[in-house]
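Inspection log for the structure reproduced underneath, given as structure tokens.
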Amino acid sequence: MSVERCRVGLSGRAYEIVVGAGLLANAGSEIAKLRNPKRVFIVSDENVARLHLATLSQSLDKAAISHVETVLPPGEASKSFSMLETLVTRMLDANVERSDLIIAFGGGVIGDLTGFAAGIVKRGLDYVQIPTTLLAQVDSSVGGKTAIDTPHGKNLVGLFHQPVLVLSDTATLETLPARELRSGFAEVLKYGLISDAKFAGWLTANSQTILSLAGPQRTQAILTSCRMKAAVVEADEREGGHRALLNLGHTFAHAIETFAGYTGRVLHGEAVAVGCGLAFELSELLRYCPAGTSAQVRAMFAKAGLPAHLSELPDSGAGPADYIRLMLQDKKAKDRKLTFILARGIGEAFVAHGVDPQPVHQLLAAAARN
-15 MSVERCRVGL SGRAYEIVVG AGLLANAGSE IAKLRNPKRV FIVSDENVAR LHLATLSQSL
45 DKAAISHVET VLPPGEASKS FSMLETLVTR MLDANVERSD LIIAFGGGVI GDLTGFAAGI
105 VKRGLDYVQI PTTLLAQVDS SVGGKTAIDT PHGKNLVGLF HQPVLVLSDT ATLETLPARE
165 LRSGFAEVLK YGLISDAKFA GWLTANSQTI LSLAGPQRTQ AILTSCRMKA AVVEADEREG
225 GHRALLNLGH TFAHAIETFA GYTGRVLHGE AVAVGCGLAF ELSELLRYCP AGTSAQVRAM
285 FAKAGLPAHL SELPDSGAGP ADYIRLMLQD KKAKDRKLTF ILARGIGEAF VAHGVDPQPV
345 HQLLAAAARN
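Numbers -15 to 354, taken from this note's numbering, label the letters of the sequence shown in order.
Structure, rendered in structure tokens:
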């Protein structure tokens, strides 16, 4: 088994990201190398548990690590106050101790929810991320952001709580539906759009191979994304400035997801793909980047089978004023004014505070018609 490693170098909280096919069968030994926990508490969802929990359990047994499991319903709707309460109650019922280790075993929903619970139970428990979706492997499992959703918006309640280890078994991606794989690819392409035009071009040229075949291109895409995110997190762990760039397209995307109701009608990556196109179009409207750049960006997402325009998503019934109202509650908003990640070109993103809502309204009104 070929294994690649990169490091998130935070002072006092550094950890490794380990990437490889078949890694799940060796998860127990990887955890044992890190520390020798008295017990681990595994949190998964019904889909992942059905496919992969036996393999993880066997690897822990082989390493003589005691474990208990809890399985939650799948889907974005589980990132809620009610499910957080359910999970915390199950952890306390299991008499979880500070010497125990929590494992978030699933996609971004399980990772966010479990990391949040680990951060608040007994004032903080160590946890390991074992992401099983492309989106989680390249984005949400790295960097310590944990959160739940509310009717006011996505990810508005949470905390920063870094994992002690990330184990990404690329073989788990073989069980993902194609739509979920494409959704994850949107977050990979986002990295190139932010700061590496060459990477964005390589991803576009290799998108079909990355999406259809487990192999070196897919591993390279995952590792490059993780290294780019690790560098950003090291420079700005708590999103005081530079880390906000990772939210390219997300101001639009989070509003789209909120109005879609967290029901799976719109996946996160689909919203991000549309949001990135809108962010580049807004950059054109404000004359930050050349005309035609947003068309290039949308073509990149479309080649990967992702939606490129707002009109391609299910109609939520929300209008421009509704979107702007929700965007004003976005975590990046400052002084009750809109903040967006905009761009001067592909690979040249920047944070723009105090954006005039009028061109945003104009953009959204036109997007709904096109």
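By construction, the Cβ of each residue, glycine as well, lies at the ideal position given by its N, Cα and C atoms.
Predicted model, so just to flag it, every value in this text is computed and none were measured.
Pro115 - containing alpha helix (DSSP H), residue span: Counting from one through the sequence shown, the residue named residue 115 turns up at place 131. Per DSSP, Pro115 belongs to no alpha helix (DSSP H); it is in the beta strand (DSSP E), 111 to 115.
Thinking Leu266 and Val335 are a contact (beta carbons under 8 Å), I'd like their distance in whole angstroms, please. For this step, residue 266 is matched to residue 282 along the sequence shown. For this step, residue 335 is matched to residue 351 along the sequence shown. Incorrect: roughly 13 Å between the Cβ atoms, too far for contact.
So, helix, strand or coil for Asn31, using DSSP? As a first step, residue 31 is located in the sequence shown; it is residue number 47 there, counting from the start. Note: Asn31 maps to helix in three-state DSSP.
Take Ala189 as the anchor and find which of Met284, His337, His36 has the nearest alpha-carbon. What you label residue 189 is simply residue 205 of the sequence shown in a count that begins at 1. Ranking the options by Cα distance to Ala189, first place goes to Met284.
Have a look at Leu56 and Ser64 and give me their C-alpha separation to the nearest angstrom. As a working note, residue 56 is residue 72 in the sequence shown. As a working note, residue 64 is residue 80 in the sequence shown. Rounded to the nearest angstrom, the two C-alpha atoms are 12 Å apart.
CB of Glu14 within 8 Å of CB of Val3, strictly: The count along the sequence shown starts at 1 and reaches residue 14 at position 30. The count along the sequence shown starts at 1 and reaches residue 3 at position 19. Going by C-beta atoms, Glu14 is not nearer than 8 Å to Val3.
Which runs of the alpha helix (DSSP H) spanning at least 4 residues fall entirely within the segment 231 to 298, listed in chain order? 234 to 244, 252 to 269, 277 to 287
Can the beta-carbon of Leu187 be found closer than 8 Å to that of Gly176? By 1-based counting over the sequence shown, the position of residue 187 is 203. By 1-based counting over the sequence shown, the position of residue 176 is 192. In this structure, Gly176 lies closer than 8 Å to Leu187 by Cβ.
As a quick exercise: from Ile86, Arg222, Val172, pick the residue whose alpha carbon is nearest that of Ala120. As a first step, residue 120 must be located in the sequence shown, where it is residue number 136. The option with the nearest alpha carbon to Ala120 is Val172.
Here's the rule I'm using: 16 or more other beta-carbon atoms within 10 Å means buried, otherwise exposed. How should Pro274 be labelled? Within the sequence shown, residue 274 is the residue found at index 290, counting from 1. Looking at its Cβ environment, which holds fewer than 16 other Cβ atoms inside 10 Å, Pro274 is exposed.
Look at Val148 and Val126 and say whether their C-beta atoms are less than 8 Å apart. Looking up residue 148 in the sequence shown gives position 164. Looking up residue 126 in the sequence shown gives position 142. Contact: no.
If you count every other CB in all the chains shown that lies within 10 Å of the CB of Arg34, and 16 or more means buried, which is it? As a working mapping, residue 34 is identified with position 50 in the sequence shown. Flag for Arg34 reads exposed.
Cutting at 8 Å between CB atoms, please list the residues of its own chain near Lys213, excluding the five before and the five after it. Numbered from its first residue, the sequence shown carries residue 213 at position 229. Contacts found: Val122, Asp123, Val126, Gly127, Tyr175, Leu230.
Nearest neighbour of Gly224, chosen from Val281, Leu251, Lys316, Leu290 [CA to CA]: Here residue 224 refers to the residue found at position 240 of the sequence shown. Ranking Val281, Leu251, Lys316, Leu290 by Cα distance to Gly224 puts Lys316 first.
Would you list the one or two residues that DSSP bridges to Ile87? Taking the first residue of the sequence shown as 1, we reach residue 87 at position 103. Per DSSP, Ile26, Val112.
With distance defined between alpha-carbon atoms, name the residue in Asp45, Arg23, Val(-8) nearest to Leu8. Position 24 of the sequence shown holds residue 8. The shortest C-alpha separation from Leu8 is found at Asp45.
Should the segment 282 to 298 be regarded as contacting the segment 345 to 354, the criterion being three or more beta carbon pairs within less than 8 Å? yes
By DSSP, does Lys63 sit in helix, in strand, or in coil? Your numbering for residue 63 matches position 79 in the sequence shown. Note: Lys63 maps to coil in three-state DSSP.
Helix, strand or coil, according to DSSP, for Ile49 in the structure here? Here residue 49 is taken as the residue at index 65 of the sequence shown, counted from 1. If DSSP states are grouped into helix, strand and coil, Ile49 belongs with coil.
Own chain, CB closer than 8 Å to Leu355, minus 5 neighbours either side, in chain order: Any answer about residue 355 is impossible in this case: the structure gives the chain only from -15 up to 354.
Kindly list the residues whose CB is nearer than 8 Å to the CB of Arg(-9), restricted to its own chain and excluding five residues on each side of it in sequence; keep chain order. Within the sequence shown, numbered from 1, the residue matching residue -9 stands at position 7. Ala(-2), Tyr(-1), Glu0, Ile1, Ala214.
Step through the CB atoms of chain D and report whether any lies within less than 8 Å of the CB of Pro341. Among the chains in the structure shown there is no chain D, since it carries only a single protein chain.
Evaluate contact between the segment 298 to 306 and the segment 241 to 248, counting only Cβ atoms and requiring at least three cross-stretch pairs below 8 Å. yes
Unbroken alpha helix (DSSP H) run spanning Leu188, endpoints: In the sequence shown, counting from the first residue as 1, residue 188 sits at position 204. Residue identity differs from the one stated: residue 188 is Thr in this sequence, not Leu. First-last of the alpha helix (DSSP H) with Thr188: 181 to 189.
Under the rule that 16 or more other beta-carbon atoms within 10 Å means buried, what is Ser83, buried or exposed? Here residue 83 corresponds to residue number 99 of the sequence shown, with the count starting at 1. Label assigned to Ser83: exposed.
With Ala336 as the anchor, note down where its alpha helix (DSSP H) starts and where it stops. Counting from 1 along the sequence shown, the entry for residue 336 is found at position 352. From DSSP, Ala336 is part of no alpha helix (DSSP H) but of the beta strand (DSSP E) over 333 to 339.
Out of curiosity, what's the CA-to-CA distance linking Met67 and Thr73? On the sequence shown, residue 67 is found 83 positions in, with the first residue counted as 1. On the sequence shown, residue 73 is found 89 positions in, with the first residue counted as 1. Taking the straight line from one Cα to the other gives about 10 Å.
Where does Ser167 sit, in a helix, a strand or coil, going by DSSP? Translated into the one-based positions of the sequence shown, residue 167 becomes position 183. Correct three-state label for Ser167: helix.
Coil, strand or helix - Arg(-9) by DSSP: Start at 1 with the first residue of the sequence shown, and residue -9 comes out as number 7. Strand at Arg(-9).
Got a sec? Which residues, its chain only, sit under 8 Å from Gly338 by beta carbon, not counting five neighbours each side? Here residue 338 refers to the residue found at position 354 of the sequence shown. If we look at Gly338 and ignore the five residues flanking it on each side, its Cβ neighbours are Lys318, Asp319, Lys321, Leu322, Thr323.
Just to check, is the beta-carbon of Val52 closer than 7 Å to a non-hydrogen atom of the ligand GDP? As for the ligand GDP, it is missing from this structure, which has no ligand bound.
Taking all protein chains shown into account, do 16 or more other C-beta atoms lie within 10 angstroms of the C-beta of His238, making it buried, or fewer, making it exposed? By one-based count along the sequence shown, residue 238 stands at place 254. Its Cβ being crowded by 16 or more others within 10 Å, His238 is buried.
Kindly indicate which three-state DSSP category Ala101 falls into: helix, strand or coil? Along the sequence shown, read from residue 1 onward, the residue named residue 101 stands at position 117. Here Ala101 sits in helix by DSSP.
Tell me which residues share the same chain as Val80 and place their Cβ nearer than 6 Å to its Cβ, disregarding the 5 neighbours each side in the sequence. Taking the first residue of the sequence shown as position 1, residue 80 is located at position 96. The residues are Phe25.
Leu37 to Tyr272, Cα distance in whole Å? Numbered from 1 along the sequence shown, position 53 holds the residue referred to as residue 37. Numbered from 1 along the sequence shown, position 288 holds the residue referred to as residue 272. Spanning the two alpha carbons is a distance of roughly 48 Å.
Quick test of your reading: Thr235 and Asp306, contact by CB under 8 Å. State the CB separation rounded to the nearest angstrom. On the sequence shown, position 251 is the one that residue 235 refers to. On the sequence shown, position 322 is the one that residue 306 refers to. About 14 Å separates the two Cβ atoms, so there is no contact after all.
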